[in-house]
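A.B. asks:
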Amino acid sequence: MEPTLLCVLLLLNTYINSGHSEDDALPKTTLTVKPNPAFTGETVTLMCSVTYDSRRNYQWYKDWNYNVVSQSVRHTITGDTFTISRAAESDQGQYWCEGNRASRPISSQPSDPVTLTVKALPKTTLTVKPNPAFTGETVTLMCSVTYDSRRNYQWYKDWNYNVVSQSVRHTITGDTFTISRAAESDQGQYWCEGNRASRPISSQPSDPVTLTVKALPKTTLTVKPNPAFTGETVTLMCSVTYDSRRNYQWYKDWNYNVVSQSVRHTITGDTFTISRAAESDQGQYWCEGNRASRPISSQPSDPVTLTVKALPKTTLTVKPNPAFTGETVTLMCSVTYDSRRNYQWYKDWNYNVVSQSVRHTITGDTFTISRAAESDQGQYWCEGNRASRPISSQPSDPVTLTVKDYQPSTSLTSDKEDVFTGDRVTLSCTVESPGWKIYWYRHRPDSTPVTTTSGYSYTLSWVRVSDGGQYWCRAGRGDPVYYTLYSDPVQINITERPVAVLTLQPNWTQIFIRETVTMRCDIQGGGDSDWNYRWYNNSQLVITFNTKPEYRISPVYWSNSGSYTCEGVKGDKFSKTSDAVQLTVSDQPQPVLSISPQWLNPGDSVTLSCEVDKTSTGWRFSWYRTVPYRAGLPSLSDKSYSLQPLSDNVTSEDSYTLIPAGPTHTGGYVCRAGRGDPVYDTLYSEPQFLWSGDLQPSASLTVNPNTTQHFTSKSLSLTCELKGNSTGWRLKRYRERRVKSGCVSTWRSITKSTCTIRSLTTWYSGVFWCESGSGEYSNAVNITVNDGDVILESPVHPVTEGDSVTLTCTFRHQGTNPKLNTDFYKDGTLIKNETTGEMTIPTVSKSDEGFYKCKSGEGESPESWVTVRGDKMFVAPGSSTSVLVGVVVGLLFAGVLLVILLVLLVRYQNRKGSCFNRIFRPTQPQSTNHDPQQDQGSTQDVAGASAAGPSHMTYAQIQLKKLDKKKKEKRNDPKDYPVYSEVKTGKATGKTHSTAAARPVDVTYVEVDLQKKIKTKKKREKATPPEPESVYSLVKPYTAPAAGPVDVTYAEVDLQKKNKAKKKRERATPPEADSVYSRLKPR
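Read in order, the letters of the sequence shown are residues 541 to 1623 in the working numbering.
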């Protein structure tokens, strides 16, 4: 059918061509196929082209059956190209194509058919030799490709396309892959293929070949007996699984040293025999079997360690040795790790077996010699035998038995003979040979032993006095016991242990850093005094050897704190350890000074109290007054003040009394304490202040508003006024026991002598005062700043009895409700209710002094203290002063006249006999205390007066004395019997602790004392003076409050008569003076 169709087509084509000209022929189509022929797996490209027109659709045909070629996974048509991927033999055949389009001519001529040939890839063959292989053999794999060997070969294993790479055991050379020393891990399926640069590029993969690698036959080694004993025969046997027809090789100790035959080593077939085994035969053995056919050799056997032990060692013990005649001697034979043996006994190396007799008995492993004699001396040895391996033991080493023909003695010694109770005493008993028990005796050697010990010493622990006395010892051994002789006695003397007593000097419970401490260790009941001493702190030895009983620590520090004990040491004897004394070292203390009262009331005493740490004792106290800072004087650490010692500066009491308290004592005070030798001083206390609210002549402080209480956020001005000078002042404030500058730039402004606080807060509450550069103090003002809504306006300064005082209750919001119903309280008790907000006391008395406050619906004010001074107590500055000055001037004039009269009187007396006339200023009392700071003011009375204010004093003293008529009588000192006239401008004073502090008094009087002298009795007794007859005239001038010290003028005349001297040149007793006083004393 197909040929017929082809003929029809050809005839039709001929007809068409014959009916048209050459110019009307259809376009020609050309088909190209590359590559052709192709190999399976390659890509084949068929391209169809039409002359002078490429814009066509192409139709593809195969094998002349007009089967149109359709697209598939391997067949794709893109434009004029038909592509066959991974060509297969089924793709062979004739292919042609034609191009079609929409315009004429619609189709082209069909292309000439092209036959595509697809050939199979070259076949690859893999051979493996040997297969199966044995471990350790070399395996060769060879790859060959039909009709072409010029290729590169690729090797694969186990179908996972893992390419086999080269390694130490795997090598590839051309078409050969070699596996050296094959192992079971080399087993698996292998295949290969050949590749080249020209077509066909690769061959077909070879069929896979499975390589099997078998283990070599297993070899087993047995060794008997193992362990072996020296001298035995050892047999080693080598066997190979499923094949015994082999030659066997023997190795030892992994160094591949082949075991060779010798006299003691023989090899027969699979057996290696060691005769008369020695310790050198020990080691690891293994074997392997070899043959001519594969596998040539077996696996080596596992190594077996052959142990060759020496025959059991035999030990002979002889007790006692040496022995003494009559003792029982026991010889014992023992074999290591086996006692079930029969024992053979030998003596003197002639292999004479020891036989039993009356004195010689053998029981098991023991040979006993009873009642040893010198004939029993000699060398003995033994061995043990048995039926099982090993049959016999090694012979024991020989032991020489010595038998001595005498009874041994003992020697007793003691490590101490004179001991204290609680000590240990060790007695030692010495015997010339070992193996004895020691028997200890006290008081009598034939008594029952105190104890028996297996050692040669006996220790008496923690001995008592009753343990003292004589001790003996002797030794015994064996059964029956064989005894030595008794030792000589040793005397042990035991006395009570002395007691160490530790005392702290000084015995203070509290010690401060840098003080000096001495500890003393006294041995009580210790007899003689040749003791040495040890000192401990917290049970740690700090002084190992000290010949003196004192341990001094100077200075002490915190590290010296602890619990101290001591003990005495005398040779090898010790006292009892003392009871512990606790030493606690603290920081350098700072005392706390308190002043009571702190506000000055004229006429009252003031007490300074200085308190150091309450647990410390032994202090002496030094007292100081603050003065402006000056270099060279003792000063506080912040240099705020220098310090001037008070008179009687150092006291043993912790308080100091100022009597009377007057303006002189206003200001700051400081105390310090010291103790010990050398003196250890505390820090200075913080300064505390004694204040006076009274205005002072030299300096004064005024406030504006003039009240003690103020609202927060308000302003306050404080003005310091100094007499004759408004500069050099400084404002001070005291708050919470601290002194601070009263005028700080952050909250004030200064205008000459005025400090203004622009906005008050409660922090500004405190006591304010002024100080001058020369140390003068103003009055003090107690200011309270209240953040509430109510304050009480009260006088800043003390008020005078008889004056009128108004207290005003002021409210922060005074404008909204200027006057409220107000209650006034004194000392917490309601005293009055006022609707005006004010309370007036028309005539103030001392009973009105106290704390005042007010309360209303707006709230309650703080309390304020109102001070009341006695009526006309002080002369105020102003007109009153001029009156007093006039009086003083008059008295001065009168005093001068009186002095002139006295001078004339003295001259008159001098004409009648010898007399001494001396004008001098009285000496000041000298302090006997030598405080480090006391040198700053040697004469304390004068210093105190200077610090208090101006004081001018003039003394005129005239002494009238008669010389005794007897020339040999010693003249009396002119000072003893003075007649003097004093004119004093200053203050009348009262003193306590030798202070020169002055107080103003409130009495002006003229006093006349008339005293008569009683004659001296003959028996040298001092005449008793009669009571003076006095006439007083009191004048009380008006004194303004807050007055300072005033000038005082008085004249005093003492008239003294001289007693006659007694015959024995004794000093005459002075008569009591007849005195006339004229004094003006303001108070």
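We put the CB at the ideal spot given by N, CA and C, even for glycine.
Just to confirm the assignment, what range does the beta strand (DSSP E) spanning Cys1295 have?
C.D. replies: Thr1294 to Ile1297 is the extent of the beta strand (DSSP E) around Cys1295.
A.B. asks: Let me check understanding here. Comparing Cα to Cα, which of Leu776, Trp794 and Asn795 lies closest to Tyr788?
C.D. replies: The residue with the shortest Cα to Cα distance from Tyr788 is Leu776.
A.B. asks: For Pro862, tell me which candidate among Arg834, Val1030, Tyr946 and Thr847 has the shortest Cα-Cα distance.
C.D. replies: Among Arg834, Val1030, Tyr946 and Thr847, the Cα nearest to that of Pro862 is on Tyr946.
A.B. asks: Less than 9 angstroms between the C-beta atoms of Gln744 and Trp699, yes or no?
C.D. replies: Result no, Cβ atoms of Gln744 and Trp699 do not sit closer than 9 angstroms.
A.B. asks: Given that a residue counts as buried once 16 or more other Cβ atoms are within 10 Å of its Cβ, and exposed if not, what is Tyr635?
C.D. replies: With 16 or more other Cβ atoms within 10 Å, it is buried.
A.B. asks: Thinking Val1330 and Phe1308 are a contact (beta carbons under 8 angstroms), I'd like their distance in whole angstroms, please.
C.D. replies: The Cβ separation is near 22 angstroms, so there is no contact.
A.B. asks: Compare the beta carbon distance of Cys922 and Cys969 with 9 angstroms and say whether it is the shorter of the two.
C.D. replies: Not closer than 9 angstroms, so no.
A.B. asks: Assuming contact is defined by CB atoms lying nearer than 9 angstroms, are Asn640 and Gln611 in contact in what I supplied?
C.D. replies: For Asn640 and Gln611, no; Cβs fall outside 9 angstroms.
A.B. asks: Under 9 angstroms, do Val753 and Pro672 count as touching if we go by C-beta distance?
C.D. replies: In contact: Val753 and Pro672 (Cβ atoms closer than 9 angstroms).
A.B. asks: For the segment 1095-1174, which segments carrying the beta strand (DSSP E) assignment without a break, of at least 3 residues, lie completely within its bounds, in sequence order?
C.D. replies: List check, beta strand (DSSP E) in window: 1102-1110, 1121-1123, 1132-1136, 1146-1151 and 1160-1167.
A.B. asks: For a test of the three-state rule: what should DSSP assign to Ser630, helix, strand or coil?
C.D. replies: It is helical.
A.B. asks: Just verifying my parser: in three-state terms, what is the DSSP assignment at Asp937?
C.D. replies: Correct three-state label for Asp937: coil.
A.B. asks: Would you identify the three-state DSSP class for Trp695, choosing helix, strand or coil?
C.D. replies: Strand.
A.B. asks: Checking 9 angstroms against the spacing of the C-beta atoms, do Gly962 and Arg1074 come in under that value?
C.D. replies: No, Cβ-Cβ distance for Gly962 and Arg1074 is not below 9 angstroms.
A.B. asks: In angstroms, rounded to a whole number, what distance separates the CA positions of Arg1160 and Val1190?
C.D. replies: Approximately 7 angstroms, taken between the alpha carbons.
A.B. asks: Report, in whole angstroms, the separation of the C-beta atoms of Pro1095 and Leu1223, which I expect to be a contact under 8 angstroms.
C.D. replies: That pair is no contact at about 16 angstroms.
A.B. asks: Between Glu1311, Trp1303 and Ala1320, which has its C-alpha nearest Asp1327's C-alpha?
C.D. replies: If we check each option's Cα against that of Asp1327, Trp1303 comes out closest.
A.B. asks: Go ahead and label Gln1228 buried or exposed: buried means 16 or more other beta carbons lie within 10 angstroms of its beta carbon, across all protein chains shown.
C.D. replies: By the 10 Å Cβ count, Gln1228 comes out buried.
A.B. asks: Per DSSP, which residues does Gly1399 bridge with? Please list them.
C.D. replies: BP columns for Gly1399 point to Ser1396.
A.B. asks: Roughly how many angstroms separate the alpha carbons of Thr1155 and Leu1140, rounded to a whole number?
C.D. replies: The alpha-carbon atoms of Thr1155 and Leu1140 are separated by roughly 32 angstroms.
A.B. asks: I need the straight-line Cα distance from Thr1117 to Gln1064, nearest angstrom please.
C.D. replies: Roughly 11 angstroms separates the two Cα atoms.
A.B. asks: According to the neighbour-count rule (16 or more other Cβ atoms, all chains shown, within 10 Å of its Cβ), is Tyr877 buried or exposed?
C.D. replies: The residue in question, Tyr877, is exposed, as its Cβ has fewer than 16 Cβ neighbours within 10 Å.
A.B. asks: Tell me, please, which residues DSSP counts as bridged to Asn1322.
C.D. replies: Note: Asn1322 sits in a beta bridge opposite Val1307.
A.B. asks: Measure the alpha-carbon distance for Cys588 versus Glu582 and round it to whole angstroms.
C.D. replies: For Cys588 and Glu582, the distance between alpha carbons rounds to 20 angstroms.
A.B. asks: Using only CA atoms, which one of Ser1101, Arg1092, Ser1099 and Asn1086 lies nearest to Glu1107?
C.D. replies: Among Ser1101, Arg1092, Ser1099 and Asn1086, the Cα nearest to that of Glu1107 is on Asn1086.
A.B. asks: Just the C-alpha distance for Leu846 and Ser705, rounded to the nearest angstrom, thanks.
C.D. replies: Each residue's Cα considered, the two are about 45 angstroms apart.
A.B. asks: Tell me where the beta strand (DSSP E) around Cys1283 begins and ends.
C.D. replies: It is not in any beta strand (DSSP E) - Cys1283 carries neither H nor E in the DSSP assignment.
A.B. asks: Three Cβ pairs or more, each shorter than 8 angstroms: is that satisfied between the segment 908-915 and the segment 941-957?
C.D. replies: Segments in contact, yes.
A.B. asks: At the level of alpha carbons, what is the spacing between Ile719 and Ser837?
C.D. replies: Cα-Cα distance, rounded: 19 angstroms.
A.B. asks: Count the other CB atoms, across all protein chains shown, that sit within 10 Å of the CB of Pro1382; report buried if there are 16 or more and exposed otherwise.
C.D. replies: Per the 10 Å Cβ criterion, exposed.
A.B. asks: Quick check: Arg1004 and Glu867, are their CB atoms within less than 9 angstroms of each other?
C.D. replies: Against a cut-off of 9 angstroms, the Cβ pair of Glu867 and Arg1004 comes out as no contact.
A.B. asks: In terms of residues, what are the limits of the beta strand (DSSP E) holding Arg1215?
C.D. replies: Per DSSP, Arg1215 belongs to the beta strand (DSSP E) from Gly1207 to Arg1215.
A.B. asks: From Thr1252 to Thr1407, what distance separates their C-alpha atoms?
C.D. replies: Roughly 25 angstroms separates the two Cα atoms.
A.B. asks: Between Thr686 and the rest of its own chain, which residues show a CB-CB distance below 6 angstroms, the 5 nearest in sequence each way excluded?
C.D. replies: Cβ within range, chain order: Pro662 and Lys663.
A.B. asks: Give the single residue among Gly771, Arg831 and Glu1055 whose Cα lies nearest to the Cα of Pro1218.
C.D. replies: That would be Glu1055, whose Cα lies nearest to the Cα of Pro1218.
A.B. asks: Candidates Cys732, Gly1111, Thr657 and Pro645: which alpha carbon is nearest Gly633's?
C.D. replies: Cα-wise, what sits closest to Gly633 is Thr657.
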